[in-house]
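**Student:**
Protein chains in written order, with the numbering used here: chain X, 17 to 274; chain P, 46 to 251.
Next up, the structure:
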């Protein structure tokens, strides 16, 4: 039985591990290599690494750091940040990254998704959409949430699938760090619209929120930052991640009838 | 010494890291000299079938590798696309495979109506062992990480060592004589993966 994936999502800023709220107020959380090592010891399903500076500040891809992080991972790693060409994506795959996320560049130039799929195979091409969903409707943003595009996430996700993406990650800007639960409505619509795997990031405050996502969307990727790096009311930094048994229970509870 | 074949695709360092953790000597194979030091080899792989085959065929050690696998019967473990390359052909491309295991690679499409199996097959799935191969020793109830849209179909069902269910069952581990392969990624499958890599290191030469 294929299981849903529970994925720690780690943000990099100037080589440090940070955590944001609504894509702002980056708080220092620690050393990325150390964190990856701990999640590897805890046998995490996958890990997602996002370099916030690579596109927004224009620092580009830190291949040395990415390669070190991939070497520490005994689970698959997805890297997102600053990838603009199929060559860059291929280089990341060759240094040990299983999946590479395209974000800003794919919005500006959707054909990039096709080029990447042709060069490394669709299983390694992930499209990451930063989404703001408010009363005025929903929209994909780029450059770490600083630029609106007017594009609808589900419409673009379908286009990405047609072009050869192997996975779509929805990152909810307005839920980031807020611990209010996942955007179930958007994920349900996305799951019904796509044939490729989907992953949700942003809003998880507890494992109950994760179970809620599984219950409504089924076998899906559930990614979270705060949930796995903060502890308690004052957000003390403490890395935690459920055991295999706890993960199995979480999934079986979510699929059993109420 | 276990040689990890480097031809520009696949996570070589993850295999080296895994073996180093278990204190099992392993090295990166980039040329004929480094291949000469290896008494068995791992053939990793990601990406498309044709891309991987083309790159491997242009590796400086390719001729030597074929001789040692086919004539000297050194043990080889193919992983993911590395496994698929060892078959004769693939629906994914037009290049000829290595032909070390009789059979082919087909699209992992569930023909059953109404079944919803997103592709690629991505994530942790059960691996059910159906032979007493020492490669899967101690792994009767195991799960591994999968990331693929194509699957191996062996000509001789007896060469399928383990199966996995996704839409329909397929061979997740196969092998005969000195040639083995896994569709999943043992180098990215935590303690189950380490056990399998340790088992491969301990297989008796043919």
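Glycine included, each C-beta is placed from N, C-alpha and C at the ideal position.
Treat the numbers as computed from the prediction; the structure is a model and nothing was measured.
1) Just tell me which of 161(P), 123(P), 116(P) has its CA closest to the CA of residue 180(P).
2) Where does the unbroken beta strand (DSSP E) through residue 205(P) begin, and where does it stop?
3) Can you tell me the Cα-Cα spacing of residue 113(X) and residue 34(X), whole angstroms?
4) Check each candidate in 230(P), 77(P), 83(P), 125(P) and name the one with the smallest Cα separation from residue 103(P).
5) Drop a sphere of 10 angstroms on the beta-carbon of residue 202(P), count the other beta-carbons inside from all chains shown, and report buried for 16 or more, exposed for fewer.
6) Exposed or buried, residue 174(P), counting other C-beta atoms within 10 Å across all chains shown (16 or more means buried)?
7) Candidates 197(X), 70(X), 87(X): which alpha carbon is nearest residue 65(P)'s?
8) Which stretch, first to last residue, makes up the beta strand (DSSP E) that contains residue 290(X)?
9) Using a C-beta cutoff of 8 Å, does residue 151(X) count as contacting chain P?
10) Rounded to the nearest angstrom, how far is the Cβ of residue 159(X) from that of residue 120(X), given a contact under 8 Å?
11) Based on DSSP bridge pairs, tell me the residues matched to residue 166(P).
12) Does any CB atom of chain P fall closer than 8 Å to the CB of residue 139(X)?
13) Could you check which residue in 188(P), 183(P), 161(P) has the C-alpha nearest to that of residue 171(P)?
14) Rounding to the nearest angstrom, what Cα-Cα distance links residue 100(X) and residue 265(X) in this structure?
15) State the Cα-Cα distance for the pair residue 128(X) and residue 115(P), rounded to the nearest angstrom.
16) Please state the DSSP three-state secondary structure of residue 191(X).
17) At what residues does the alpha helix (DSSP H) containing residue 139(X) begin and finish?
18) Applying a beta-carbon distance threshold of less than 8 Å, which residues of chain X neighbour residue 91(P)?
19) Just confirm the distance between the C-beta atoms of residue 240(X) and residue 42(X), as a whole number of angstroms; I'd bet it's less than 8 Å.
20) Which residue wins for smallest C-alpha separation from residue 66(X), given the options 58(X), 183(X), 31(X)?
21) Residues of the stretch 162–182 of chain P in Cβ contact with chain X at a cutoff of 9 Å, in chain order, please.
22) So residue 235(P) contacts chain X; which residues on that side make the cut at Cβ distance below 7 Å?
23) Spatial neighbours of residue 218(X) within its chain, please: CB distance less than 6 Å, with the 5 preceding and 5 following residues excluded, ordered by chain position.
24) For the pair the stretch 44–59 of chain X and the stretch 201–208 of chain X, tell me if three or more CB-CB distances fall below 8 Å.
25) Starting from the C-beta of residue 130(P), find all residues in its chain whose C-beta is less than 8 Å away, skip the five residues before and the five after it, and write them out in chain order.
26) With DSSP collapsed to three states, give me the class of residue 230(P).
27) Let's test the definition: count the other Cβ atoms within 10 Å of the Cβ of residue 164(X) and tell me whether it reaches 16, buried, or not, exposed.
28) Would you give the residue range spanned by the beta strand (DSSP E) that residue 153(X) belongs to?
29) Go to residue 93(X), then tell me how far its beta strand (DSSP E) extends in each direction, as first and last residue.
30) For residue 236(X), collect the residues of the same chain with a Cβ closer than 8 Å to its Cβ; drop the 5 residues on either side in sequence, then sort them by chain order.
31) By alpha-carbon positions, which one of 193(P), 228(P), 250(P) ends up nearest to residue 206(P)?
32) So with CB distances below 8 Å, who are the chain X contacts of residue 186(P)?
33) Go through the stretch 105–145 of chain P residue by residue and report every complete run of the beta strand (DSSP E) that reaches 3 residues or more, in order.
34) Helix or strand or just coil, what does DSSP make of residue 167(X)?
35) With distance defined between alpha-carbon atoms, name the residue in 213(P), 223(P), 241(P), 231(P) nearest to residue 55(P).
36) Tell me which same chain residues have a C-beta within less than 7 Å of the C-beta of residue 135(P), skipping the five on either side of it?
**Tutor:** According to the data block:
1) Translated into the one-based positions of the second chain, residue 180(P) becomes position 135. The alpha carbon of residue 180(P) has as its nearest neighbour, out of 161(P), 123(P), 116(P), the alpha carbon of 123(P).
2) Against the second chain, residue 205(P) aligns to sequence position 160. Per DSSP, residue 205(P) belongs to the beta strand (DSSP E) from 205–211.
3) The residue labelled residue 113(X) in the question sits at position 97 within the first chain. The residue labelled residue 34(X) in the question sits at position 18 within the first chain. Near 21 Å, if we compare the C-alpha coordinates of residue 34(X) and residue 113(X).
4) As a working note, residue 103(P) is residue 58 in the second chain. Comparing Cα positions, the closest option is 77(P).
5) The count along the second chain starts at 1 and reaches residue 202(P) at position 157. That one is exposed.
6) Numbered from its first residue, the second chain carries residue 174(P) at position 129. When all chains shown are included, residue 174(P) counts as buried.
7) Taking the second chain and counting its residues from 1, one reaches residue 65(P) at position 20. Taking each of 197(X), 70(X), 87(X) in turn and checking the Cα distance to residue 65(P), the smallest one comes out for 87(X).
8) Limits of chain X in this structure are 17 at one end and 274 at the other, which puts residue 290(X) out of reach.
9) Locating residue 151(X) in the first chain gives position 135, counting from the first residue. Put simply, the CB of residue 151(X) is far from chain P, with every gap to its CB atoms at 8 Å or more.
10) As a first step, residue 159(X) is located in the first chain; it is residue number 143 there, counting from the start. As a first step, residue 120(X) is located in the first chain; it is residue number 104 there, counting from the start. The Cβ separation is near 6 Å, so the contact holds.
11) Along the second chain, one-based indexing puts residue 166(P) at 121. According to DSSP, residue 166(P) bridges with 193(P).
12) Looking up residue 139(X) in the first chain gives position 123. Interface residue, yes.
13) On the second chain, residue 171(P) is found 126 positions in, with the first residue counted as 1. For the set 188(P), 183(P), 161(P), the Cα lying nearest the Cα of residue 171(P) is the one of 188(P).
14) Locating residue 100(X) in the first chain gives position 84, counting from the first residue. Locating residue 265(X) in the first chain gives position 249, counting from the first residue. Rounded to the nearest angstrom, the gap between the Cα atoms of residue 100(X) and residue 265(X) is 40 Å.
15) For the purposes of this step, residue 128(X) is taken as residue 112 along the first chain, with counting starting at 1. For the purposes of this step, residue 115(P) is taken as residue 70 along the second chain, with counting starting at 1. Approximately 40 Å, taken between the alpha carbons.
16) Mapped onto the first chain, residue 191(X) falls at position 175. Taken through DSSP and simplified to helix, strand or coil, residue 191(X) comes out as coil.
17) Stepping through the first chain from its first residue, residue 139(X) is reached at position 123. Neither: residue 139(X) is in no alpha helix (DSSP H) and is coded neither H nor E.
18) By one-based count along the second chain, residue 91(P) stands at place 46. Within chain X, the residues 109, 114, 136, 137, 139, 140 have their CB atoms less than 8 Å from the CB of residue 91(P), given in chain order.
19) Looking up residue 240(X) in the first chain gives position 224. Looking up residue 42(X) in the first chain gives position 26. Rounded, the Cβ-Cβ distance is 17 Å, inconsistent with contact.
20) Position 50 of the first chain, counted from the start, is the residue given in the question as residue 66(X). Out of 58(X), 183(X), 31(X), 31(X) has the C-alpha closest to the C-alpha of residue 66(X).
21) Result list: 162, 163, 164, 165, 166, 167, 168, 169, 170, 171.
22) The residue given as residue 235(P) occupies position 190 in the second chain. For residue 235(P), the chain X residues whose C-beta falls within less than 7 Å of its own C-beta are 59, 90, 91, listed in chain order.
23) The residue given as residue 218(X) occupies position 202 in the first chain. Once the five neighbours on either side are set aside, the close Cβ partners of residue 218(X) are 187, 188, 191, 192.
24) Not touching, per the Cβ criterion.
25) Reading the second chain from its first residue, position 85 is the one you call residue 130(P). Answer for residue 130(P): 88, 90, 94, 97, 98, 101, 123, 142, 143, listed in chain order.
26) Here the question's residue 230(P) lines up with position 185 in the second chain. In this structure, residue 230(P) counts as coil in the three-state DSSP scheme.
27) For the purposes of this step, residue 164(X) is identified with residue 148 of the first chain, where counting begins at 1. Under this definition residue 164(X) is an exposed residue.
28) For the purposes of this step, residue 153(X) is identified with residue 137 of the first chain, where counting begins at 1. In the DSSP assignment, residue 153(X) falls within the beta strand (DSSP E) that extends over 153–158.
29) Counting from 1 along the first chain, the entry for residue 93(X) is found at position 77. Taken as a continuous stretch (DSSP letters only), the beta strand (DSSP E) holding residue 93(X) covers 93–96.
30) What you label residue 236(X) is simply residue 220 of the first chain in a count that begins at 1. Spatial neighbours of residue 236(X) in its own chain (CB-CB distance under 8 Å, excluding positions within 5 residues in sequence) are listed in chain order as 20, 21, 203, 207, 213, 214, 215, 216, 229, 230.
31) One-based indexing of the second chain puts residue 206(P) at position 161. Looking at the Cα atoms, 228(P) is the closest of the given residues.
32) Locating residue 186(P) in the second chain gives position 141, where the first residue counts as 1. Neighbours of residue 186(P) in chain X, taken as residues whose beta carbon is under 8 Å from its own, are absent, since the nearest beta carbon is some 11 Å off.
33) Runs found: 120–124.
34) In the first chain, counting from the first residue as 1, residue 167(X) sits at position 151. Secondary structure at residue 167(X): coil, using DSSP grouped into helix, strand and coil.
35) Here residue 55(P) refers to the residue found at position 10 when the second chain is read from its first residue. Checked all of 213(P), 223(P), 241(P), 231(P); the closest Cα to residue 55(P) is 231(P).
36) Within the second chain, numbered from 1, the residue matching residue 135(P) stands at position 90. For residue 135(P), where only same-chain residues beyond five positions count, the Cβ hits under 7 Å are 94, 129, 142, 149, 150, 195.
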